[in-house]
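Below is one structure, written out as structure tokens; comments come after it.
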Amino acid sequence: MILQVTEQNGITIVEFINMTRFTLASADEVKTELRPLLNNKDCRMLFDFHDIEFVDSSAIGCIIALFKTAKSVGSNLKLCNLTPEVLKIFELLHLQVIFDITGTRESCMADYVK
Numbered sequence: 001m002i003l004q005v006t007e008q009n010g011i012t013i014v015e016f017i018n019m020t021r022f023t024l025a026s027a028d029e030v031k032t033e034l035r036p037l038l039n040n041k042d043c044r045m046l047f048d049f050h051d052i053e054f055v056d057s058s059a060i061g062c063i064i065a066l067f068k069t070a071k072s073v074g075s076n077l078k079l080c081n082l083t084p085e086v087l088k089i090f091e092l093l094h095l096q097v098i099f100d101i102t103g104t105r106e107s108c109m110a111d112y113v114k
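Using the UniProt record's numbering, you'd call the opening residue of the sequence shown number 1 and step up by one each time.
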């Protein structure tokens with residue numbers, strides 16, 4: 001298991017365990033583990049990237065697929081704590097216009113409460 005999934009105040013919090021690179025090697029496992037959660041209507045998920053220093057195209061594809069799954073059933077996926085390197089990749093691909101990206105976990109959770 002490469003993910004730690006917890007729940008706080010009705011929000012599903014996802015963190016990577018002992019990982020700094022989100023790549024093809026882990027993308028399928030992440031999709032397999034998170035897709036069933038996001039298939040539940042009204043799932044509110046927070047994906048915390050605080051230790052991830054690198055993402056490749058497979059990881060980006062994984063996140064997009066999860067986002068589409070969430071949208072199709074009325075769930076929501078937010079990203080937070082992107083390291084400067086990862087945020088730069090998202091910005092170069094203009095993904096910040098698609099994804100709800102916040103700075104901290106607390107600000108992300110606060111967005112869900114609004």
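Ideal Cβ positions, reconstructed from N, Cα and C, are used throughout, including at glycine. These figures come from a predicted structure and were not determined experimentally.
Taking its Cβ as the centre, do 16 or more other Cβ atoms sit within 10 Å of E85, making it buried, or is it exposed? Numbered from 1 along the sequence shown, position 85 holds the residue referred to as residue 85. E85 is exposed by the Cβ-count criterion.
So does the segment 49–64 actually touch the segment 1–21, counting three or more Cβ pairs closer than 8 Å? yes
Using C-beta distances below 7 Å, list every residue in its chain close to A59, excluding the 5 sequence neighbours before and after it, in chain order. Against the sequence shown, residue 59 aligns to sequence position 59. Answer for A59: F22, T23 and A27, listed in chain order.
Is I63 helix, strand or coil when you go by DSSP? The residue you call residue 63 lines up with position 63 of the sequence shown. In this structure, I63 counts as helix in the three-state DSSP scheme.
Exposed or buried, which one is A70 when buried takes at least 16 other CB atoms within 10 Å? Counting from one through the sequence shown, the residue named residue 70 turns up at place 70. Looking at its Cβ environment, which holds 16 or more other Cβ atoms inside 10 Å, A70 is buried.
To test your reading of the DSSP string, which unbroken beta strand (DSSP E) runs of 3 or more residues are found completely within the segment 18–71? 44–48
Determine, using beta-carbon pairs with one atom in the segment 105–114 and one in the segment 39–46, whether at least three such pairs fall under 8 Å. Three or more pairs of CB atoms, one per stretch, sit closer than 8 Å, so the segment 105–114 contacts the segment 39–46.
By alpha-carbon positions, which one of E33, V97 and L87 ends up nearest to L66? For the purposes of this step, residue 66 is taken as residue 66 along the sequence shown, with counting starting at 1. Ranking E33, V97 and L87 by Cα distance to L66 puts E33 first.
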